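Residue 1306 in this note's numbering sits at position 140 of the sequence shown, and the numbers go up by one each step. What follows is a single structure, written as structure tokens, with notes after it.
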Amino acid sequence: MPAVFLAAAVLAACETPPPVDKLPELTYAHLGPLSFNAGAMQVVTGYIPPMKAPNVDHLLPTPPLKALKRWAGDRLFVGGGKGLVRFTIANAAVTETALKVKKGLQGAFHKEQSERYDAIIEASLEMLDDRGFRLGFASARVSRSTTVREDATLNERRRVQFELIETLMKDFNAEIERNIRQYLGKWLL
């Protein structure tokens, strides 16, 4: 009989974790296509996620590498002609840094920022002729940082991480599109 009470107490102590919020998918088709007078498109990944601390990009709800590939798939098109448009992802890193928080009695009365996320993405677009010679080039490099409070729930942390990448990609889109129009404009359809 005591085993039954023990089992009941253990089961009663179990707590169901809160459901994980479903975050929206980052897409870019609504921004309209950037169509080039070229015969082929190539996406090259020059960034390999380290998959270890301090990098956390692979753990985010939307890793920046995935967001950049989606951006290229949603925005970059070829409409005939000769040559190649090459989109190269050089960096898509997010690192996490633990911040110093007050401990003890004083820390019990303060809620501080406990982690900082630093994100950077860098990519380039090249227009190459049939022989592989570069005819034009545009690039963008953007970075952002954000912090998370020590008492943030898992869902709140995921939301902060998602918003970091969402804002980072908005910055990237604005910079790369401006540079494409300036430096590769004569190949746009």
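Yeah, the Cβ is synthetic: ideal placement off N, Cα and C, and Gly gets one too. Just so it is clear, the structure is predicted and the values come from calculations on it, not from any experiment.
Exercise for the section: List the endpoints of the continuous alpha helix (DSSP H) containing Ala1238. Expected result: Translated into positions along the sequence shown, residue 1238 becomes position 72. Residues 1230-1241.
Practice task
Using a threshold of 7 Å, state whether the C-beta atoms of Ser1280 and Val1260 are closer than that.
Solution key: Counting from one through the sequence shown, the residue named residue 1280 turns up at place 114. Counting from one through the sequence shown, the residue named residue 1260 turns up at place 94. No, they are not a contact pair.
Problem - Simplified DSSP assignment, three categories, for Ala1340 - result: Your numbering for residue 1340 matches position 174 in the sequence shown. Looking at Ala1340 - three-state DSSP - the assignment turns out to be helix.
Problem - Per-residue burial, Thr1319 [other beta carbons within 10 Å of its own, 16 or more giving buried] - result: Within the sequence shown, the letter at position 153 stands for residue 1319. Burial call: exposed.
Exercise for the section: For Val1186, collect the residues of the same chain with a Cβ closer than 8 Å to its Cβ; drop the 5 residues on either side in sequence, then sort them by chain order. Expected result: As a first step, residue 1186 is located in the sequence shown; it is residue number 20 there, counting from the start. Leu1320, Asn1321, Arg1324, listed in sequence order.
Practice task
Given a cut-off of 7 Å, decide if Gly1302 and Ile1255 are closer than it, judged by their beta-carbon atoms.
Solution key: As a first step, residue 1255 must be located in the sequence shown, where it is residue number 89. As a first step, residue 1302 must be located in the sequence shown, where it is residue number 136. Note that the C-beta distance between Ile1255 and Gly1302 is not below 7 Å.
Exercise for the section: Keeping to the same chain, check which residues put their C-beta closer than 7 Å to that of Thr1193; ignore five residues upstream and five downstream. Expected result: Within the sequence shown, the letter at position 27 stands for residue 1193. Only Arg1236, Asp1240 meet the Cβ criterion.
Practice task
Inspect the beta-carbon positions of Arg1300 and Leu1294 and report whether they are closer than 7 Å.
Solution key: Reading the sequence shown from its first residue, position 134 is the one you call residue 1300. Reading the sequence shown from its first residue, position 128 is the one you call residue 1294. The answer is yes: Cβ separation under 7 Å.
Exercise for the section: Assign Ile1214 to one of two classes, buried (16 or more other C-beta atoms within 10 Å of its C-beta) or exposed (fewer than that). Expected result: Here residue 1214 corresponds to residue number 48 of the sequence shown, with the count starting at 1. Around the beta carbon of Ile1214, fewer than 16 other beta carbons sit within 10 angstroms, so the residue counts as exposed.
Handout entry: Touching by the beta-carbon criterion (3+ pairs, under 8 Å), the region 1240-1250 and the region 1219-1230
Key = no
Handout entry: Bridge partners - Glu1288, DSSP secondary structure assignment
Key = As a first step, residue 1288 is located in the sequence shown; it is residue number 122 there, counting from the start. The partner list for Glu1288 (beta bridge, DSSP) reads Asn1257, Arg1307.
Problem - C-beta contact flag for Phe1243 and Ser1201 at 7 Å - result: Here residue 1243 refers to the residue found at position 77 when the sequence shown is read from its first residue. Here residue 1201 refers to the residue found at position 35 when the sequence shown is read from its first residue. For Phe1243 and Ser1201, yes; Cβs fall inside 7 Å.
Problem - Residue span of the beta strand (DSSP E) that contains Ala1204, given as start and end - result: On the sequence shown, position 38 is the one that residue 1204 refers to. Unbroken run through Ala1204: none, as it is neither H nor E.
Handout entry: Anticipated Cβ contact below 8 Å, Trp1353 with Asn1257, distance rounded
Key = Locating residue 1353 in the sequence shown gives position 187, where the first residue counts as 1. Locating residue 1257 in the sequence shown gives position 91, where the first residue counts as 1. Rounded to the nearest angstrom, the Cβ distance from Trp1353 to Asn1257 is 25 Å, too far for a contact under 8 Å.
Exercise for the section: Could you check the C-alpha separation between Glu1343 and Leu1189 for me, to the nearest Å? Expected result: What you label residue 1343 is simply residue 177 of the sequence shown in a count that begins at 1. What you label residue 1189 is simply residue 23 of the sequence shown in a count that begins at 1. Their backbone Cα atoms lie some 26 Å apart in a straight line.
Handout entry: C-alpha gap between Leu1350 and Val1314, whole angstroms
Key = Counting from one through the sequence shown, the residue named residue 1350 turns up at place 184. Counting from one through the sequence shown, the residue named residue 1314 turns up at place 148. Distance between the alpha carbons of Leu1350 and Val1314: 39 Å.
Handout entry: Beta-carbon spacing of Tyr1283, Glu1262 below 7 Å
Key = Counting from 1 along the sequence shown, the entry for residue 1283 is found at position 117. Counting from 1 along the sequence shown, the entry for residue 1262 is found at position 96. Yes, they are a contact pair.
Exercise for the section: Label Asp1223 either buried or exposed according to how many other C-beta atoms from any shown protein chain fall within 10 Å of its C-beta, with 16 as the threshold for buried. Expected result: Within the sequence shown, numbered from 1, the residue matching residue 1223 stands at position 57. Classification for Asp1223: buried.
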